[in-house]
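Structure first, commentary second.
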Amino acid sequence: MKKIIFPILASALCFTGSLPAFAGQANLGGSNLGGTFGNSDNIRVFDNMSRLKVFITIEGQRLILGELNANSLPILNPLAQSNPAIQDFVFLLTGDKGKVSFNSPEIQKSQSSLIAKLTSLGLDLSDGRPARQLVTALTLLIPFGNNATPSETIGVAAVDGTKFFQAITAWNQLIDGLVITSQGTGPDAVKARAIINALLQDDTAKSIRETLAALRAQLKDRERKEDDK
């Protein structure tokens, strides 16, 4: 299978009761937000699966929150001080530590701003739908704030597994489509290559990708241990 520029964040889901909720192999790049995107042979697109309810178990929620608090937010927060789009991303991710709801004016304003930023990079395909889908999935992925207590109940889980899966799905589909188009010829291929280059250079796009990758990676070691049993 052909090499691609962006690594794919996830490859499959496991709907059993074992830890974690996500299973499968994913070739991820580094979790350093300052790093570059790597290569991957694993191209997976999740058609229509993002509507399914996904529950991440208590231990999986703890791993994700631990990564978010120990590594991702300490990198994102300083970047947000000088980058309004990254500030919007962080705000949407945790809802100002769980203080606002999905329908609040502050959330809607940040959504619009982040969508505008992503579409400015060229993600205006299908009337901007890829950017909207990604931003909607990122919104309140950590619904009760980064200091929430993991719960066994899906409605009050500290990490929204459905949104997590939707965000990874949206990113995968977006990148997969761009890479395939970029390998062709003509104006569409030229445009796709320009968009990919813009994503590679933009701190906001890198922050979103690397944060999802870092959170996803927390479940990989556990998956490997479960598979070895």
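Letter by letter, the sequence shown follows residues 924 to 1152 of our numbering.
For each residue, glycine too, the CB sits at the ideal point set by N, CA and C.
Note that this is a predicted model, so its numbers are computed, not measured.
C-alpha gap between residue i and residue j, whole angstroms
| i | j | result |
| --- | --- | --- |
| Thr1042 | Ala1054 | 7 Å |
| Gly953 | Glu1133 | Note that Gly953 has pLDDT 31, beneath the 50 cutoff, so the model's placement of it is unreliable and the number below is only indicative. Going from the Cα of Gly953 to the Cα of Glu1133 covers about 8 Å. |
| Ile1038 | Thr1108 | 28 Å |
| Gly1045 | Leu1057 | 14 Å |
| Asn1026 | Ile1077 | 20 Å |
| Glu1075 | Ala1060 | 21 Å |
| Ala1004 | Ile1119 | Here residue 1004 turns out to be Gln, not Ala, going by the sequence shown. The alpha-carbon atoms of Gln1004 and Ile1119 are separated by roughly 26 Å. |
| Ser1036 | Asp1011 | 7 Å |
| Leu1002 | Val1113 | 31 Å |
| Ser973 | Ala1090 | The pLDDT assigned to Ser973 is 47, lower than 50, so where the model puts this residue is not dependable; a value taken from the coordinates is nonetheless given after this. So the alpha carbons of these two residues sit roughly 9 Å apart. |
| Leu1135 | Asn1006 | 19 Å |
| Ala944 | Asp1083 | Low confidence applies to Ala944: its pLDDT is 31, below 50, so where it sits in the model is not reliable enough to give any reading. |
| Thr1092 | Pro1028 | 26 Å |
| Ala1063 | Ser1024 | This sequence places Leu at residue 1063; Ala is not what is there. One C-alpha to the other measures close to 8 Å. |
| Ser1033 | Leu1015 | 7 Å |
| Asp1047 | Phe1087 | 22 Å |
| Asn1095 | Ile979 | 20 Å |
| Arg1052 | Leu1097 | 10 Å |
| Asp1019 | Ala1140 | 24 Å |
| Ile1157 | Lys1040 | Within the shown structure, residues of the chain are numbered from 924 to 1152, placing residue 1157 beyond reach of any answer. |
| Asn994 | Ser1130 | 12 Å |
| Leu1123 | Ile1103 | 16 Å |
| Asp1125 | Val1079 | 34 Å |
Contact check, residue i vs residue j, beta carbons under 9 Å
| i | j | result |
| --- | --- | --- |
| Ala1115 | Ser1105 | yes |
| Thr1017 | Ile1065 | yes |
| Leu988 | Ala1071 | yes |
| Val977 | Thr1085 | yes |
| Gln984 | Ala1117 | no |
| Gly1100 | Gly1068 | no |
| Leu904 | Leu991 | The displayed coordinates of the chain run from 924 to 1152. Any statement about residue 904 would go beyond what the structure contains. |
| Pro1073 | Glu982 | yes |
| Leu999 | Ile1009 | yes |
Contact test: residue i Cβ vs the ligand ADP heavy atom, cutoff 8 Å
| i | result |
| --- | --- |
| Thr1092 | By its list of ligands, the structure shown contains no ligand whatsoever, and the ligand ADP lies outside what it can speak to. |
Those runs of the alpha helix (DSSP H) which lie wholly inside the region 982-1052 and span at least 4 residues: Qualifying alpha helix (DSSP H) stretches, in chain order: 996-1003, 1007-1021 and 1028-1043.
Ignoring anything shorter than 4 residues or poking outside the region 1100-1152, list the alpha helix (DSSP H) runs there in chain order. Qualifying alpha helix (DSSP H) stretches, in chain order: 1110-1124 and 1126-1151.
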